[in-house]
Amino acid sequence: MELRTVHVGDLTEVHAAGRLDGHWSETLDTALNELIRQGRHQVRLRMAEVDYISSLGVRVLVTAHKRFRSVSGVFSVADVVGNVARVLELAGLTALLMPPEPPAAADGVKPLREIEHNGLRLSVFGQQGRGMRGAAFGAPASLRSGGYGAEQCIPLTVTAQTLSLGLGAFGEDYAQCRTRFGEYLAVAGAAVALPGDGSNTCDSLVSTGAFEPVVQALYGLRYEGDFSAQVRFEPAELSNENAARNPVGSTGFPLSSLADAALTAAGVDAACVVLLGESDGLIGATLRSSPGSVAAAEDPLAFPTVRRWLSFTSEPAHARASVVAVGVIARPGVLSGLDAELLRPLGARDGVQGHVHAAVYRFRPLPHGALDLNETLRPLFEHAPAETLMHLLGDDREGQMLESRLVRGVCWIAPILSAEDLS
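So this note's numbering is basically just the index in the sequence shown, starting at one, shifted up by 588.
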């Protein structure tokens, strides 16, 4: 079977020729899945040159229809002739797959504006919130000077308005968590943690009814409030009818560029952000051991001890996975005190700074348009453990800055509010 793809505005037409049998049905299924991954939500399959279809081929068409509908998209079939038309008619699928006038993809909420920024196409949507207020907490320096005792363990309740990240664990108290402290993130009434006990298996707590997750935290960032803006991002080429000559998704955008775009789109200099998107490779580190068990004379970040305490990515990892990244970002000099101490340059040393943790999941396509934070994130947190949880870092050890990259996705933005903003 031959497949030829043509992009016309928001519509993608796939021209198929040959037999849609058990062998080639898998090829077509892969091609349609890739279009969803690329953010193509309106697809028409033209089958004038398809002369045979098996039950496996029919299944691919029905599955594609369901899959596109699940992301608020549309999949239809056209130009069906001969035996293929008879098979679809006898199967009762003509009305489903070949409506007289294929419905358009659901429009939903219109963006307030669309802009291009450093190769990114940004669709900016308004949110109901004003922003978030909060601060860093704990004693990060204790990680290098004797570890943490029970008096430094802070129970942190995760509400629907909480955004937090740092070092913590799930348990009743310090004693239960002493050997389990590791990276965590919390948002949308849920928390995800990677225990530092060597199990390498993430765990999660999700609010249900009156239950609210509690993280036993050592240090980190905690903010409370709501998001004021939402930005959908994708490569600018996707809007170009010549996209077929410049395949979308071949290269992701650095985290520093996404952070800069988020601040620019929201018109602020410091913000709490949640990113959900497709990874093109992540750079970062995770704790191998709990800092609750640090020997008094040991510095976990000193060489060569750091090799035993921290695991670094030697090259970009987890490409083509879904990533939930939670963090605080700011332009240099905007934040002060402990908040500023916890931020590091995401890319160039004079660029946007941030502290970002990311949970990695098996890839799930996103519906187009504006998305509800809770409805989008909670299924990820509830249905399967994250593959890992990382502190995203830029890596310039080889003299060239390597950053985490995302291809496309959505970013929720909450400006960090000052006392003057709240008055």
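Heads up, the beta-carbon is just placed ideally off N, CA and C, and yes, glycines get one too.
Counting C-beta atoms within 10 angstroms of its own C-beta, residue 823 has 16 or more neighbours from the protein chains shown and is therefore classed as buried. In this structure, residue 860 sits away from residue 686, with a CB-CB distance that is not shorter than 7 Å. The three-state reading of DSSP puts residue 697 in coil, since its state is none of H, G, I, E or B. One alpha carbon belongs to residue 994, the other to residue 872, and they sit about 14 Å apart. Counting of Cβ neighbours within 10 angstroms places residue 630 among the buried residues, the total reaching 16 or more.
Shortest Cα-Cα distance from residue 790 to any of 771, 805, 943 and 800 involves 771. Of 713, 922, 718 and 868, the smallest CA-CA separation from residue 1002 is found for 718.
The C-alpha of residue 819 lies about 42 Å from the C-alpha of residue 679. In the DSSP assignment, residue 762 falls within the unbroken alpha helix (DSSP H) covering 762 to 765. Nearest C-alpha to residue 839 among 949, 848, 869 and 794: 869.
Taking C-alpha positions only, residue 845 is separated from residue 676 by approximately 48 Å.
Judged by DSSP in its simplified three-state form, residue 748 adopts coil rather than helix or strand. Note: residue 736 is not bridge-paired with any residue in the DSSP secondary-structure output. Contact between the region 638 to 652 and the region 662 to 673 is established, with three or more Cβ pairs separated by less than 8 Å. A residue is called buried once 16 or more other Cβ atoms fall within 10 Å of its Cβ, and residue 991 is buried on that count.
If you ignore the 5 residues before and after residue 842, its C-beta comes within less than 7 Å of the C-beta of 935, 991 and 993, all in its own chain and listed in chain order. With fewer than 16 other beta carbons inside 10 angstroms of its own, residue 689 counts as exposed. Assigned with DSSP and collapsed to three states, residue 618 falls in helix. As far as DSSP is concerned, residue 848 takes part in no beta bridge.
Secondary structure at residue 969: helix, using DSSP grouped into helix, strand and coil. CA-to-CA, the gap between residue 735 and residue 890 works out to about 14 Å. Between residue 854 and residue 715, the C-beta gap is not smaller than 7 Å, which leaves the two residues out of contact. The beta carbon of residue 864 sits closer than 6 Å to those of 912, 997 and 998, all from its chain and outside the five residues before and after it, given in chain order. Collapsing the DSSP output to three states places residue 871 in coil. With a cutoff of 7 Å on beta-carbon distance, residue 651 and residue 623 are scored as not near each other. Approximately 6 Å separates the beta-carbon atoms of residue 684 and residue 653; this is inside 8 Å, confirming the contact. Under the three-state reduction of DSSP output, residue 656 falls in the helix class. Within the same chain, Cβ atoms closer than 7 Å to the Cβ of residue 785 are found at 767, 768 and 878, the five residues on either side in sequence being excluded. Under the three-state reduction of DSSP, residue 681 is assigned to coil, being neither helix nor strand.
Here residue 713 is not near residue 728, since their CB atoms are 7 Å or more apart. The beta-bridge partner set that DSSP reports for residue 862 consists of 914 and 1000.
The beta carbon of residue 848 sits closer than 6 Å to those of 940, all from its chain and outside the five residues before and after it, given in chain order. In this structure residue 967 is exposed. Its beta-carbon is surrounded by fewer than 16 other beta-carbon atoms within 10 angstroms. Apart from the 5 residues on each side of it in sequence, residue 898 sits with its Cβ closer than 8 Å to the Cβ of 873, 874, 875, 876, 888 and 889 in its chain, given in chain order. With 16 or more other Cβ atoms inside 10 Å of its own Cβ, residue 750 counts as buried.
For residue 601, no alpha helix (DSSP H) segment is defined; the enclosing uninterrupted segment is the beta strand (DSSP E) at 599 to 608.
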